[in-house]
Amino acid sequence: MKAKFWGVRGSIPSPSTEGNGFFTDKYGGNTSCLEVIANSGDEYIFDAGSGIRMLGNDLIKRGFTGKGKAKVFLSHLHHDHIQGWPFFMQAYVPGNEFDIYSGARDGKTIEQVFKDMMADPTFPVSLDQMMAKMNFKDIPKGDVVQNGVTVSYTETAHPNQCFSYKVQEKGEDQIMRTLVYATDTEHDGNGKLGPNDKKMVEWAKGADVLIYDAQYTPEEYNPADFGLPGMSKKGWGHSTYEKAIQIALQAGVKEVVLFHHDPSHDDKKMDKINQLAQQYLSDKGAEDKLKVTVAYEGLEIQL
Ligand SMILES: [Zn+2]
Ligand SMILES: [Zn+2]
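Numbering (numbering that gives the first Met the number 0), first residue to last: 0 to 302.
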């Protein structure tokens, strides 16, 4: 399988603006969207943040339009993971078909959440005007299996519920490849592995690629730990590059991809975070055990 990143931000898109001297050209400003193309060519989409708009445009070039099928797995229904759907042109095209999976909550179906998002007065086009076939699948019930690909899920530590998805498919050498998409998840256990972390370690055990929420630096996550002023982000449902590396090493993961970047982190800050993450890895003497990659729009990983 091949994974391609179309949106790597959390919370809200963060476009590059020369006028404000805030640049995000290198890593990208779109919110979460990951594409996975199976060996069969089957299309999988993880999250429909603003990055899905560009994916939709790219799919035109690939002959998807009018006969395309994709399975769409939403980690959860927070804005930054669904806000791109109304701008996903492929959803307007008759003949296209999407299976859309996520967790329904409090008696509200995913379809209802999408309808509300695209309703008067917050959006001029209704969900019913999207002509592609949309099959909404509330709460995955067990694994989703298609043409040799298995997608399984587990719940993460995040307000209002969130799922991590695990994608598995054999490579040409018949050896199983595993990708874990774990955005919007919070660690626990200061310095050591807490219960949330241990669950993530078990879940990601032996994965080739772990995509993990690293929205905050440790200092931003809890300034008080460093004697700094500022608001603690405990309980907000996000994690750090340090925890990403700790969990990945413990789980024997080959590559960890830092994901769901904070919208306030411009390219300079992201370069710095990359440097700190690589330093943290080398301080642990683990450079030969794990590859640490900072996600950026356009990044492709062949598994
Ligand atoms: Zn998010
Ligand atoms: Zn969220």
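Ideal Cβ positions, reconstructed from N, Cα and C, are used throughout, including at glycine.
Inset, instruction - Spell out the partners DSSP gives M175 in its beta bridges. - result: Stepping through the sequence shown from its first residue, residue 175 is reached at position 176. Answer is K169.
Legend entry - Inter-residue spacing [alpha-carbon to alpha-carbon] between T216 and T239: For this step, residue 216 is matched to residue 217 along the sequence shown. For this step, residue 239 is matched to residue 240 along the sequence shown. Distance between the alpha carbons of T216 and T239: 5 Å.
Inset, instruction - Could you check what DSSP says for M129 in three-state terms: helix, strand or coil? - result: For the purposes of this step, residue 129 is identified with residue 130 of the sequence shown, where counting begins at 1. When secondary structure is reduced to three states using DSSP, M129 falls in the coil class, being assigned neither helix nor strand.
Inset, instruction - Below 6 Å CB to CB, which residues in the same chain sit around T121 once its five sequence neighbours on both sides are set aside? - result: As a first step, residue 121 must be located in the sequence shown, where it is residue number 122. Closer than 6 Å at the Cβ level, and outside the excluded window around T121, lies no residue.
Inset, instruction - In the DSSP assignment, find the alpha helix (DSSP H) that holds V303 and state where it starts and stops. - result: The structure shown does not extend to residue 303, since the chain spans only 0 to 302, so no value can be given for it.
Inset, instruction - Could you work out which residue in K232, V166, T149 and S151 is closest to H186 when comparing CA atoms only? - result: Position 187 of the sequence shown holds residue 186. H186 has its Cα closest to that of K232, out of K232, V166, T149 and S151.
Inset, instruction - Note the first and the last residue of the continuous alpha helix (DSSP H) segment covering G55. - result: Counted from its first residue, the sequence shown places residue 55 at position 56. Run containing G55: I51 to K60, per the alpha helix (DSSP H) assignment.
Inset, instruction - Assign T23 to buried or exposed, taking buried as 16 or more other Cβ atoms, counted over all protein chains shown, within 10 Å of its Cβ. - result: If you number the sequence shown from 1, residue 23 lands on position 24. Label assigned to T23: buried.
Inset, instruction - Please state if the CB of D172 and the CB of H80 are separated by a distance shorter than 9 Å. - result: Position 81 of the sequence shown, counted from the start, is the residue given in the question as residue 80. Position 173 of the sequence shown, counted from the start, is the residue given in the question as residue 172. Contact flag unset, no.
Inset, instruction - Take the Cβ of K169 as the centre, count every other Cβ of all protein chains shown within 10 Å, and call the residue buried at 16 or more, exposed below. - result: In the sequence shown, the residue the question calls residue 169 occupies position 170. K169 should be labelled exposed.
Legend entry - Under the three-state DSSP convention, the category V200 falls into: For the purposes of this step, residue 200 is taken as residue 201 along the sequence shown, with counting starting at 1. Note: V200 maps to helix in three-state DSSP.
Legend entry - N- and C-terminal bounds of the beta strand (DSSP E) containing F72: What you label residue 72 is simply residue 73 of the sequence shown in a count that begins at 1. Note, F72: beta strand (DSSP E), K68 to F72.
Inset, instruction - Determine the DSSP secondary structure at Y295, reduced to helix, strand or coil. - result: On the sequence shown, position 296 is the one that residue 295 refers to. Reduced to three states, the DSSP call for Y295 is coil.
Inset, instruction - Return the chain-ordered list of same chain residues with a C-beta closer than 6 Å to the C-beta of M199, the five sequence neighbours on each side being excluded. - result: Walking along the sequence shown from the start, residue 199 turns up at place 200. I246.
Legend entry - Extent of the continuous beta strand (DSSP E) run through F258: Locating residue 258 in the sequence shown gives position 259, counting from the first residue. Where F258 is concerned, the enclosing beta strand (DSSP E) starts and stops at E254 to F258.
Legend entry - Residue interval of the alpha helix (DSSP H) (run including K114): Taking the first residue of the sequence shown as 1, we reach residue 114 at position 115. Run containing K114: I109 to M116, per the alpha helix (DSSP H) assignment.
Inset, instruction - Return yes when the C-beta of G147 is under 8 Å from any heavy atom of ligand 1, and no when it is not. - result: To locate residue 147, count along the sequence shown from 1; it is residue 148. False, no ligand heavy atom lies under 8 Å from that Cβ.
Inset, instruction - Report yes or no: do three or more beta-carbon pairs, one from the stretch 151-171 and one from the stretch 87-105, lie closer than 8 Å? - result: Contact holds: three or more Cβ-Cβ distances are below 8 Å.
Inset, instruction - Could you tell me whether any non-hydrogen atom of ligand 1 is closer than 8 Å to the CB of D79? - result: Against the sequence shown, residue 79 aligns to sequence position 80. Remark: the shortest separation between the CB of D79 and any heavy atom of ligand 1 falls under 8 Å.
Inset, instruction - Report yes or no: do three or more beta-carbon pairs, one from the stretch 111-121 and one from the stretch 210-230, lie closer than 8 Å? - result: No: the two stretches stay apart, fewer than three of their Cβ pairs being nearer than 8 Å.
Inset, instruction - Assign M230 to one of two classes, buried (16 or more other C-beta atoms within 10 Å of its C-beta) or exposed (fewer than that). - result: Stepping through the sequence shown from its first residue, residue 230 is reached at position 231. So M230 ends up on the exposed side.
Inset, instruction - Starting from the Cα of V252, find the closest Cα among L289, M133, F258 and P93 and give me that residue. - result: As a first step, residue 252 is located in the sequence shown; it is residue number 253 there, counting from the start. Among L289, M133, F258 and P93, the Cα nearest to that of V252 is on L289.
Inset, instruction - Quick one: using the 10 Å Cβ neighbour count with 16 as the cut-off for buried, is Q274 buried or exposed? - result: On the sequence shown, residue 274 is found 275 positions in, with the first residue counted as 1. Around the beta carbon of Q274, fewer than 16 other beta carbons sit within 10 angstroms, so the residue counts as exposed.
Inset, instruction - Report yes if the C-beta of D224 is less than 8 Å from at least one heavy atom of ligand 1; otherwise report no. - result: Counting from one through the sequence shown, the residue named residue 224 turns up at place 225. Because no heavy atom of ligand 1 lies under 8 Å away, the Cβ of D224 does not count as near it: no.
Inset, instruction - Please name the residue, chosen from V124, V71 and Q301, that lies closest to F135 on a Cα-to-Cα basis. - result: The residue given as residue 135 occupies position 136 in the sequence shown. That would be V71, whose Cα lies nearest to the Cα of F135.
Inset, instruction - Go through its chain and collect everything with a Cβ distance to K165's Cβ below 6 Å, but skip five positions before and after it. - result: Here residue 165 refers to the residue found at position 166 when the sequence shown is read from its first residue. A distance below 6 Å between beta-carbons, with the five flanking residues on each side excluded, links K165 to the following residues of its chain, in chain order: S151 and V179.
Inset, instruction - With a threshold of 8 Å, establish whether the CB of V9 neighbours any heavy atom of ligand 1. - result: Indexing the sequence shown from 1 puts residue 9 at position 10. What sits at residue 9 in the sequence shown is Gly, not Val. Correct: G9 has its Cβ closer than 8 Å to ligand 1.
Legend entry - Close beta carbons around P158, own chain, < 8 Å, minus the five adjacent residues each side: Counting from one through the sequence shown, the residue named residue 158 turns up at place 159. Excluding positions up to five away in sequence, the list reads G234, W235 and G236.
Legend entry - Among E42, N195 and S15, nearest to M0 - alpha-carbon criterion: Locating residue 0 in the sequence shown gives position 1, where the first residue counts as 1. Cα-wise, what sits closest to M0 is E42.
Inset, instruction - May I ask you to check if the CB of T30 is nearer than 8 Å to at least one heavy atom of ligand 1? - result: In the sequence shown, the residue the question calls residue 30 occupies position 31. Yes, since a heavy atom of ligand 1 falls inside the 8 Å radius drawn around the Cβ of T30.
Inset, instruction - Excluding the 5 residues preceding and the 5 following L192 in the sequence, name in chain order all residues of the same chain whose CB lies nearer than 8 Å to its CB. - result: Start at 1 with the first residue of the sequence shown, and residue 192 comes out as number 193. The beta carbon of L192 lies closer than 8 Å to those of V200, Q245, I246 and Q249 in the same chain, with the five residues before and after it left out.
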